[in-house]
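According to our numbering, the residues represented by the sequence shown are 6 to 144, in order.
For each residue, glycine too, the CB sits at the ideal point set by N, CA and C.
In what follows, a structure is listed as structure tokens, so that the remarks can point back to it.
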Amino acid sequence: MSLFDLAFPLAAPFWALLILAPKWRWTARIMKSPWVPLLPLACWFALVLPHFGEWGRAMLRPDLGVLQALLATPWGAGLVWAHLIAFDLFIARWMYFEGRAREISPWIVSPILLLTIFLSPLGLVVFLVVRSARLRSLA
6 MSLFDLAFPL
16 AAPFWALLIL
26 APKWRWTARI
36 MKSPWVPLLP
46 LACWFALVLP
56 HFGEWGRAML
66 RPDLGVLQAL
76 LATPWGAGLV
86 WAHLIAFDLF
96 IARWMYFEGR
106 AREISPWIVS
116 PILLLTIFLS
126 PLGLVVFLVV
136 RSARLRSLA
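Here is the structure:
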């Protein structure tokens, strides 16, 4: 199994807790740790360290052609995939706690989190709209 293939399975148990067991007391306890995204980030670090100079130069002077070439490599695609998995999970963690704090039903938040797994920008926007509506209803 490659690091590309490993990134999502490392995050999947946390997603399962958020979506399938949002009210279970252990879900909140586990998700309180800011280190939750660390497992997929371990893949990111393992992929970037051997290519740090190359990746660093590309990030210091972003160029579409250079980025396309790097992302076409197995390590480059895996690096971006691990980044996406970790940060999507970080955003989902925030959405989970924000939903609880604003008393948004898990019946609403869980489908949004499921959407976030596949289309995180859309999931975040939908959550922000729901959150805004909730905040207006509380005012």
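Which class does residue i belong to by DSSP, given the choice of helix, strand or coil?
i    : result
D10  : helix
S137 : helix
L84  : helix
A74  : helix
D93  : helix
E108 : coil
R34  : helix
How many Å lie between residue i and residue j at the Cα?
i    : j   : result
W40  : L22 : 15 Å
P55  : A12 : 18 Å
A26  : D68 : 43 Å
W80  : A47 : 14 Å
A144 : L84 : 43 Å
Any idea if residue i is buried or exposed, counting beta-carbon neighbours within 10 angstroms, 16 or more meaning buried?
i    : result
L118 : buried
How do the region 66-77 and the region 134-144 stand: do at least 3 beta-carbon pairs fall below 8 Å, yes or no?
-> no
Do the region 62-69 and the region 23-37 make contact, defined as three or more Cβ pairs closer than 8 Å?
-> no
Would the region 47-57 and the region 120-133 be scored as touching if the rule is three or more Cβ pairs under 8 Å?
-> no
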